[in-house]
Ligand code: URA
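In the numbering used here, the protein residues as written are 8 to 192.
If you want it as structure tokens, here you go:
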């Protein structure tokens, strides 16, 4: 994927693009997150820093290596907001960011052609299954992603577990189901 053409787009201008990385040719799995955070922007890589620790436990549970899968986000620039004092923090991606990057994500996934797509949270699920898809209805089971032509397995975003501890057990059970699905590939 050539991202340089996007650098002058008004949504992207002046912001660092964090591309997907990993095994780019028919990996067992492509993991799709929401958007890069501070550490990802600083290093120019998806799922590093705090989110990388979540990713490590995800990979350990599935007995997969980071280099064996494709790791990406819907939005490829860090969505930020500034407080009155000027402190910069993350925010959810807005409509313009999602509209710009969603078609590019579809192209990316068609090109990488994973055997299965795993989405983390609502933003990734909705980018691939449409705006009415909700994680509460889709998590923990395989569904067909017609936009890419691949099976899709939806998980809660690990960050949401921090805010809602009751999701921890659900997330762990979903990971067990995902592992069983991967064994059938
Ligand atoms: N880091 C990422 O790269 N993506 C997320 O969805 C969260 C943190």
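For glycine and all other residues, C-beta sits at the position ideal for the given N, C-alpha and C.
Contacting residues, own chain, Cβ-Cβ under 8 Å from residue 98 (five flanking each side not counted): Taking the first residue of the chain shown as 1, we reach residue 98 at position 91. Closer than 8 Å at Cβ, skipping near neighbours: 86, 87 and 88.
Taking the alpha-carbon of residue 50 as reference, which of 91, 24 and 68 has the nearest alpha-carbon? Counting from one through the chain shown, the residue named residue 50 turns up at place 43. Of the candidates 91, 24 and 68, the residue whose Cα lies closest to the Cα of residue 50 is 24.
Option nearest residue 73 by Cα separation, candidates 11, 118, 53 and 81: Taking the first residue of the chain shown as 1, we reach residue 73 at position 66. The residue with the shortest Cα to Cα distance from residue 73 is 53.
Is it a yes or a no for the segment 127-137 touching the segment 150-160, going by three-plus beta-carbon pairs under 8 Å? Contact between the segment 127-137 and the segment 150-160 is present, because at least three Cβ pairs lie under 8 Å.
Do the segment 35-42 and the segment 120-131 meet, that is, are 3 or more Cβ pairs less than 8 Å apart? Taking a contact to require three or more Cβ pairs closer than 8 Å, the segment 35-42 and the segment 120-131 qualify as touching.
Cα-Cα, which of 44, 178 and 111 is closest to residue 163? In the chain shown, the residue the question calls residue 163 occupies position 156. For residue 163, the closest alpha carbon among the candidates 44, 178 and 111 is that of 178.
Check whether residue 186 and residue 113 have beta carbons under 7 Å apart: Indexing the chain shown from 1 puts residue 186 at position 179. Indexing the chain shown from 1 puts residue 113 at position 106. By the CB criterion at 7 Å, residue 186 and residue 113 fall outside the cutoff.
Option nearest residue 21 by Cα separation, candidates 175, 174 and 11: The count along the chain shown starts at 1 and reaches residue 21 at position 14. The shortest Cα separation from residue 21 among 175, 174 and 11 belongs to 11.
Go to residue 169, then tell me how far its alpha helix (DSSP H) extends in each direction, as first and last residue. As a working mapping, residue 169 is identified with position 162 in the chain shown. Where residue 169 is concerned, the enclosing alpha helix (DSSP H) stretches over 165-170.
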